[in-house]
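Under the numbering used here, the letters of the sequence shown match residues 6 to 181, in that order.
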Amino acid sequence: RILHAYRYYPMKLKQSILAIGLLMTGLFTACEKDKNTISGSFSMKVNDTLITVSRQLTATLHDTGKVNSYLVISGLSAQNQAITVNVIFPDRQLKAGTYQLTPTLLNSIGWAKAGLSDVYSADDVTKGATATIILEAVSETKAKGTFSGIIISDFDPSMKKTVTEGKFDVSVLSLK
């Protein structure tokens, strides 16, 4: 059903996935707040405008216990702009290296303004999106790396923005 819905409502589903991902990561982190404190830095430039996460920084490692595990880093800027980076680890192997958006692996970048008035993501190569995430170091407790790409509007696929100088150095909460 999800694939069926995605075929007919791709823009709404992408918005929902971004919003739900940010919400769920925030909720998991809030529940674990006494045990774990997420700290670090996370920023990127969108069309040469710097966006720096200053609140609600989350970095979670999700181990599905199946084929893949994934890292989700997200947060909000002082201007209520949300940014997120997702990395898929095939065969659940955490390792440094270059991870790119492909038709089968959703190594992605997302950006949204407050109220979801502008939502852009690099999650569909068929529309011209690109995402390159370079993990310099990654473990169950820390992640450091850089990223860049082309993000596409969820409302109008002809609208694109360039992400440059993306970087993160965060503590990670492992969810198993």
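Glycine included, C-beta positions come from ideal geometry on N, C-alpha and C.
As the structure is a prediction and not an experimental result, all values here were calculated from the model.
Spatially closest choice to residue i from the options, by CA coordinates
i: Y104; options: S113, L121 and T65; result: S113
i: K118; options: V51, I43 and T137; result: V51
i: D159; options: I43, E170 and S122; result: S122
i: S163; options: S46, S74 and A134; result: A134
For residue j and residue i, the rounded distance between their alpha carbons
i: N91; j: D161; result: 22 Å
i: T54; j: K132; result: 23 Å
i: K172; j: K149; result: 8 Å
i: K71; j: R97; result: 8 Å
i: L62; j: W116; result: 14 Å
i: S59; j: T65; result: 17 Å
i: L32; j: S82; result: At L32 the pLDDT is 42, less than 50, meaning the model places this residue with poor confidence and gives no usable figure here.
i: K147; j: H67; result: 13 Å
i: N73; j: P108; result: 16 Å
i: T169; j: I56; result: 11 Å
Counterpart residues of residue i in DSSP-defined beta bridges
i: M49; result: I56
i: G102; result: L140
i: F182; result: The structure shown does not extend to residue 182, since the chain is modelled only from 6 through 181, so no value can be given for it.
i: D174; result: S46 and K149
i: G115; result: T89 and S126
i: K185; result: The chain is shown from 6 up to 181; residue 185 falls before or after that span and cannot be answered.
i: L66; result: L76 and S179
i: K166; result: I156
Presumed contact (8 Å Cβ cut-off) between residue i and residue j, rounded CB distance
i: Y125; j: I157; result: 6 Å
i: E145; j: S179; result: 4 Å
i: T137; j: G154; result: 6 Å
i: T69; j: S79; result: Not a contact, Cβ separation roughly 18 Å.
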